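For reference, the structure is listed below as structure tokens.
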Amino acid sequence: MTDRMGESRVEPRWEYAGVWRRFTAIIADLVLLSCVFFPVTRIVKGTWVMSARDHDWVGGWFVSDPLCMAFLALMFLYFVLLEGLTGRTPGKWVLQLRVVSTDGGRPGLTKALLRNVLRVVDNLPAVGILGAILIVTSPDGARFGDRVAGTRVVCSQSDAT
């Protein structure tokens, strides 16, 4: 199915996921990732949390220690790989959500990469509310990253596949 601009859209048989369900899914994923990160931090650094001494400002940019940077990279890969290859993360699975391409299939790695890079834009303090506003006000529940990447988050219990 295409809209008048020729862009493919998810078929209307799907129920688009709301902002609170999506938010709960990402919190579940972050809790899962923290269950890995904090024990590793305890083993490597001898403390449960990162302290302010672990971080520096260089040339106006926040520079963290290698362990924290590795965790951020792992977190990014977690979302890109799982959403790209399976359409869901454990948090989305628990909340019965799925990321789909606008043609209804799995998003693939390129679209998952793009939607997750743009998640940063959706969460910037100055425009962070934009992502939530777009999810709430758009008929297909798409945030900025979803629009650009050509993906949507849908409720998987209504998914026949």
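Numbering (the working numbering), first residue to last: 1094 to 1254. Positions of the beta carbon are idealized from the N, C-alpha and C atoms, including for glycine. Computed from a predicted model, the values in this text were never measured in an experiment.
query: Segment contact flag, the region 1229–1239 with the region 1173–1185, C-beta cutoff 8 Å, min 3 pairs; result: no
query: Interface flag, residue 1232 vs chain C, CB-CB below 9 Å; result: Here chain C cannot be found, since the structure has a single protein chain.
query: For residue 1195 and residue 1243, the rounded distance between their alpha carbons; result: 5 Å
query: 3-residue-minimum beta strand (DSSP E) runs that sit fully inside the region 1181–1215, ordered along the chain; result: 1190–1194
query: Buried versus exposed, by CB contacts within 10 Å (16 or more), residue 1192; result: buried
query: Three CB pairs or more closer than 8 Å across the region 1212–1228 and the region 1159–1167; result: no
query: N-terminal and C-terminal residue of the alpha helix (DSSP H) that residue 1245 is part of; result: Careful: residue 1245 lies outside any alpha helix (DSSP H), inside the beta strand (DSSP E) at 1244–1248.
query: Residue 1228, buried or exposed, once every other Cβ within 10 Å from all chains shown has been counted against 16; result: buried
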